[in-house]
Ligand code: AMP
Ligand code: MG
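Following this line, the structure appears as structure tokens:
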């Protein structure tokens, strides 16, 4: 299959994409978090094509994307007062809510669960596509399973060329990490995946403490069932070996470890130490950002770029796992397979 990339602002692009969605095809589209691989959420056969294109295990459910509140009742049942508070505060935006599923959502979307993940993206092209299709769009991230999530149309093309008919190009995703996932189907709201909406803010809006699943910054131990189906799979793995530095004197520890290695070595660090790494002459590729938010925005692009440049080892500075830092450390530790120095 030939994969076409169309700028989303082309007048025909959204219409073409919507027509494909309505014909049961899969289309990649931009969102503010990462790019999504979308199909009509009511069409089980179309959604099955997402799993095939990504090589995604069937027990890892999808997120359903809606463009307005009226669509919600066709996706979720029993919408609680806490859901309205969260939607008022954060939608459209990078917050996915887990609620009881509506009957019309096929089992393939929820991997057989009686709950569904739903969100309203804060991206004009994503909203335009859902509106033009007239149906909710089920979409996981548009990467091959296990690879870093795509934050640009080019990243999607790297993984999906020949597998899907169309990629809508809407520029770089500004958040750079996937949505915060909050399970509100039970009695206590539980954070299943951190994102750029941090638990502290969720707590403020829900006026209750948010449970934080232990699997978020620690490996799932054998025998314990992961709360979110996606948690048990390897994630975000570039070809390079990734190591996270959690020591205090990061520059010394990283340069010491890097100086003994052959091959191309890269570092992902805070801006304040960039010059030091540059002057050391040990690194073929350096990416940096000011803070947790900035690091989230560059991480997946940095991992993919390092692969394209033939980097064999990537050292990443760890940061404090508070606020948005929790999302960064969750993705980083998974990419590193929890290897730390
Ligand atoms: P992705 O957008 O590729 O990150 O995939 C969607 C994520 O949402 C996966 O990690 C799923 O585990 C999670 N998810 C989707 N539906 C549910 C659900 N009903 N309960 C818990 N997690 C879910
Ligand atoms: Mg994903």
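Numbering (our numbering), first residue to last: 2 to 342.
Beta carbons are placed, not taken as given, at the ideal position from N, Cα and C, and that holds for glycine.
Remark: the shortest separation between the CB of residue 141 and any heavy atom of the ligand MG falls under 7 Å. Pairwise C-beta distances place the stretch 28-40 in contact with the stretch 133-144, as three or more of them are shorter than 8 Å.
At a cut-off of 3 residues, the continuous stretches assigned as beta strand (DSSP E) that sit fully inside the stretch 274-338 are 286-290, 314-318. Listed as beta-bridge partners of residue 66 by DSSP are 120, 138. Considering only 22, 330, 216, the residue with the shortest C-alpha distance to residue 133 is 22. For residue 179, the distance from the CB to the nearest heavy atom of the ligand MG is below 7 Å.
The straight-line gap separating the alpha-carbon atoms of residue 340 and residue 258 is approximately 13 Å. Annotated as proximal: residue 195 and residue 217, with beta-carbon spacing under 8 Å.
If you compare the alpha carbons of 209, 73, 56 with that of residue 145, the shortest gap goes to 56.
Taken atom to atom, the span from the alpha-carbon of residue 311 to that of residue 267 is near 10 Å.
In the DSSP assignment, residue 30 falls within the beta strand (DSSP E) that extends over 28-30. Inter-segment contact for the stretch 94-103 and the stretch 154-168 is absent: fewer than three beta-carbon pairs are separated by less than 8 Å. In this model, residue 294 and residue 197 are separated by some 7 Å (Cα to Cα).
Buried is the label assigned to residue 111, since at least 16 other Cβ atoms lie within 10 Å of its Cβ. With contacts defined by Cβ atoms closer than 8 Å, residue 122 and residue 48 do not form a contacting pair. CA-CA distance, residue 271 to residue 148, rounds to 24 Å.
For residue 238, the closest C-alpha among the options 306, 212, 296 is that of 306. Cα atoms of residue 34 and residue 70: separation of roughly 20 Å, rounded to the nearest angstrom.
In this structure the stretch 200-216 does not touch the stretch 61-70; the number of beta carbon pairs closer than 8 Å is below three.
Distances between the C-beta of residue 145 and the heavy atoms of the ligand MG are all 7 Å or more. Closest by C-alpha distance to residue 326, out of 313, 309, 290, is 290. Taking the Cα positions, residue 91 is about 39 Å away from residue 277.
In the three-state reduction of the DSSP assignment, residue 218 falls in the coil class. Contact check for residue 101 against residue 84 fails: the beta carbons are separated by 8 Å or more. In this structure, the ligand MG has a non-hydrogen atom nearer than 7 Å to the beta-carbon of residue 150. The beta-carbon distance between residue 254 and residue 342, rounded to whole angstroms, is 6 Å. This is short enough to meet the 8 Å contact definition.
Short note on residue 73: C-beta not closer than 7 Å to any heavy atom of the ligand AMP. Residue 3 counts as exposed, since fewer than 16 other C-beta atoms from the protein chains shown sit within 10 angstroms of its C-beta. Excluding its 5 nearest sequence neighbours in each direction, residue 46 has C-beta neighbours in its own chain below 7 Å: 25, listed in chain order. Between the ligand AMP and residue 341, a heavy atom-to-CB distance of less than 7 Å is absent. For residue 5, the shortest separation between its Cβ and any heavy atom of the ligand AMP does not lie below 7 Å. When secondary structure is reduced to three states using DSSP, residue 72 falls in the helix class.
DSSP lists 170 as the beta-bridge partner residues of residue 8. Here the C-alpha atom of residue 178 lies approximately 8 Å from the C-alpha atom of residue 328. Collapsing the DSSP output to three states places residue 51 in a helix. Assigned with DSSP and collapsed to three states, residue 184 falls in strand.
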